[in-house]
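Okay, structure first, notes after.
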Amino acid sequence: MVLVLSRTYFPEGTNGKLACDGELICCTIELPWRENEKRVSCIPEGYYLLRKRYSRKFQWHIEVVAVKNRSSILLHPANNAMKELKGCIAPVTQLSGVGLGLQSRQAFAKVKNLVYEALEQSSIVSLIVQS
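Residues in the sequence shown are numbered consecutively from 33, following my numbering.
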């Protein structure tokens, strides 16, 4: 399964649309592009693998694997990129501004269910990040 994240960059944040097979799954919010600097930038455009991950803070979520010069890049709920993200990607049901979204938990559940179902069927799940 291939997910495609198409981004639009702004100085205050990054907004995106996440799709699978040409069908929109949800929107996304991220930090602005700041040369892949840890904790203050979104990740570089490119091809990544996704896998299940568990933490006490986020419970079961999704990790973006092998991001150059970065670690623990996740897909998890957040509604304000600048306040709640440190380089991760937050699915949101609706964009409400630059780096801002609504109903992130609902959007994340939708993405997680889709990804986990594919992984449980031994599928490789990848993410293409592009502008």
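We put the CB at the ideal spot given by N, CA and C, even for glycine. Just so you know, these numbers come straight off a predicted model, no measurement behind them.
Non-local C-beta neighbours of valine 147 in its own chain, meaning closer than 7 Å and more than five positions away in sequence, comprise Leu82, Ile94, Val157, ordered along the chain. The C-alpha of arginine 85 lies about 17 Å from the C-alpha of arginine 137. Two segments are said to touch when three or more pairs of C-beta atoms, one from each, lie closer than 8 Å; by this definition the region 99-114 touches the region 61-75. Counted as a single uninterrupted DSSP element, the alpha helix (DSSP H) harbouring asparagine 145 occupies residues 136-152. Assignment of beta-bridge partners to isoleucine 75 by DSSP yields no partner.
Unbroken beta strand (DSSP E) stretches of 3 residues or longer found wholly inside the region 85-115: 91-97, 105-107, given in chain order.
Excluding its 5 nearest sequence neighbours in each direction, threonine 125 has C-beta neighbours in its own chain below 8 Å: Cys58, Cys59, Gly133, Leu134, Gln135, Ser136, Gln138, Ala139, listed in chain order.
Arginine 66 sits in coil when the DSSP states are folded into three classes, being neither helix nor strand. Annotation for lysine 142: Ile57, Cys58, Pro123 place their beta carbon closer than 8 Å to its own, counting only its chain and skipping 5 residues before and after. Under the three-state reduction of DSSP output, lysine 118 falls in the coil class, being neither helix nor strand. Glycine 129 is positioned such that its CB atom lies no closer than 8 Å to that of leucine 63.
In the three-state reduction of the DSSP assignment, glycine 133 falls in the strand class. According to the DSSP assignment, threonine 40 belongs to the beta strand (DSSP E) that extends over 34-42.
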